[in-house]
Amino acid sequence: MSAIQHFLLVFDHRSNELIEQRSFGQDIHEATKRYGEMEQQYENCHAIDIVLVGSDSIETVKITHANYFTGESMKLVQNALSEFSR
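Just so we're on the same page, the numbering used here is the position in the sequence shown counted from 1, plus 2.
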């Protein structure tokens with residue numbers, strides 16, 4: 003079994019994009035410290051989700067929390083389609 007890694011995700015619903023993705027490895031103290039800082043920074047902004055996730059890998063997080071990564075993917079697809087249709 004892999005050791006739990008800690009990942010911080012900050013998602014902006016206004017722009018539908020992940021504005022921060024950070025890995026802390028196994029350092030839960032640094033991860034929770036940064037999580038608290040982000041919560042304070044965005045305390046009055048209800049369009050921002052701040053999520054601290056423990057998982058075996060970022061690949062697993064991208065599956066379990068796909069809604070935070072889909073917006074980025076959709077933007078890339080839309081950009082590619084608009085380039086193709088020119």
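We treat Cβ as the ideally placed atom computed from N, Cα and C, and that holds for glycine.
Just so you know, the alpha carbons of Glu61 and Asn46 end up roughly 31 Å apart.
Distances from the CA of Ile6 to each of Thr72, Ile65, His15 and Ser25 were compared; the closest alpha carbon is that of Ser25. Looking from the CA of Tyr37, the closest CA among His48, Arg16 and His8 belongs to His8. Under the three-state reduction of DSSP, Glu39 is assigned to helix. Under the DSSP assignment, Ile65 falls in the alpha helix (DSSP H) whose first and last residues are Ile60 to Thr66.
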